[in-house]
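Numbering-wise (numbering that gives the first Met the number 0), the sequence shown opens with residue 0 and increments by one.
Taking it in order: structure first as structure tokens, then the write-up.
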Amino acid sequence: MSHAIPTIGAHCSLASCNLNDFLPIRCACDQVFCRDHAPPDKHLCPAMTDRMASGGERATNAREKCAKADCSRPSLESAVREGDGGQERTPARCLGCGSCFCAYHREPASHSCAPAIPAAPPKNEAARQLLAKNFPSSVAKPALRVKKSANKQVAIMQMRRRAQPADPKDDRPSVNVPISDRLHVEVEVEDGLAGGSRADSPKVFWLRKTIGTGRALDSLAGRMGVSTASPLQLLKVTTTGDVVLRNDVALSDQVEDADRIRLSRRT
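In structure tokens:
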């Protein structure tokens with residue numbers, strides 16, 4: 000059983016040539032030619048002849064020369080432009096440098112193709128990108144703040160359900176401190192602190208908002224089983240670092256609901 004060999008390319012329409020070109024070129028006269036006879040003046044193109052005979056445009060576009068400096072042949076773009084009928088098509092230009100060349104110099108290697116250098120972004124655009132990188136847009140900040148606020152409210156609700164009174168005086172059935180007067184905190188213990196273990200923390204406690212930080216320190220140390228024989232201090236734990244709390248200031252003036260504080264040695 001024989002298999003027919005598929006036809007590749009097309010024969011040059013010039014009768015005296017008839018060469019089978021693998022990359023034939025269609026001229027404005029709607030005929031295909033090999034690269035040697037594709038220029039209109041190489042096959043006496045009737046489209047060019049008719050235009051010149053009509054007394055109209057003198058085939059200015061058809062005579063556009065090859066972009067290579069030492070070549071005077073017409074460019075392929077000028078040949079196909081005449082017969083495109085205004086239809087959309089791919090321009091016959093080099094994909095590298097964007098210039099128009101004849102059939103002999105259409106390959107990038109034949110005209111020492113130098114790809115066009117991308118235009119530098121405007122200075123104001125570069126400045127805008129720099130600002131955007133260092134100062135992110137604040138458009139998303141309101142939504143982010145709302146989300147953080149909602150998450151904090153959920154954390155507070157959960158803490159209220161499991162918080163224990165830090166002050167022993169408040170740990171009696173007869174004591175009823177309104178929720179609005181309570182400050183809820185998570186408490187952890189510094190590693191290696193005598194009598195305490197960070198592995199057992201954090202624990203959740205509530206304290207009166209009127210309590211001083213010094214008294215809160217003593218109450219929390221007792222609840223966490225930490226000896227007060229050596230000087231202690233309370234630290235507010237934040238993502239940017241721990242903040243030492245002043246004992247002579249009210250605790251509620253230095254921390255908020257759902258904050259985490261740490262019992263540590265005073266340095």
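Just so you know, even glycine gets a beta-carbon here, dropped at the ideal spot from N, CA and C.
Around the C-beta of residue i, are 16 or more other C-beta atoms found within 10 angstroms, so that it is buried, or is it exposed?
i    : result
A228 : exposed
V254 : buried
I24  : buried
V242 : exposed
P167 : exposed
E187 : buried
S148 : exposed
Q157 : exposed
P90  : exposed
R34  : buried
V153 : exposed
T59  : Summary for T59: the model assigns pLDDT 46, below 50, so the residue's position carries little reliability, and this model does not support an answer.
L233 : buried
Q30  : buried
L130 : exposed
S173 : exposed
R171 : exposed
R105 : buried
L12  : The amino acid at residue 12 is misidentified as Leu; the sequence shows Ser. Counting Cβ neighbours within 10 Å, S12 comes out buried, since at least 16 surround it.
For residue i, which residues from the same chain have a beta carbon less than 7 Å from its beta carbon, with the 5 sequence-adjacent residues on both sides left out?
i    : result
R92  : E76, S98 and C99
V176 : D169 and R207
P107 : C93 and G95
R222 : A165 and F204
K151 : A257
Run through DSSP, which three-state label would residue i get?
i    : result
I178 : helix
R34  : coil
D185 : Here the sequence assigns Glu to residue 185, which means Asp is not the residue at that position. Here E185 sits in strand by DSSP.
Q128 : helix
D29  : coil
Q253 : coil
I24  : strand
L233 : strand
L18  : coil
A91  : coil
S263 : strand
G8   : coil
P107 : helix
G191 : coil
D338 : The first residue shown for the chain is 0 and the last is 266, placing residue 338 beyond what the model contains.
R245 : coil
G221 : helix
R72  : coil
K41  : helix
P164 : strand
R171 : coil
G97  : coil
G213 : helix
K151 : helix
In chain order, what residues of the same chain lie with their CB nearer than 6 Å to the CB of residue i, ignoring the 5 residues before and after it?
i    : result
C10  : Strictly speaking, residue 10 in this sequence is His, with Cys absent from that position. The answer, listed in chain order, is N17 and N19.
E185 : P201, V203 and R259
R72  : P38, C65 and C101
S251 : L182 and K208
If residue i and residue j are in contact, beta carbons under 8 Å, what's the gap, nearest whole angstrom?
i    : j    : result
A46  : C28  : 4 Å
L231 : L182 : Wrong, their Cβ atoms sit about 19 Å apart, outside the cutoff.
E189 : R264 : 7 Å
Y103 : S109 : 7 Å
Give every residue of the same chain whose Cβ lies closer than 8 Å to the Cβ of residue i, excluding the five residues on either side of it in the sequence, and list them in chain order.
i    : result
G213 : N246 and D247
D180 : R207, K208 and T209
A249 : K208, T209, I210, G211 and T212
I155 : H183, D256 and A257
S74  : E63, K64, C65, A66, A91, C99, F100 and C101
G8   : N19, D20, F21, L22 and P23
P114 : G95 and C96
Would you call the stretch 158-178 in contact with the stretch 231-251, where contact means no fewer than 3 C-beta pairs closer than 8 Å? no
Tell me, please, whether the stretch 242-257 touches the stretch 217-226 by the rule of three or more beta-carbon pairs shorter than 8 Å. no
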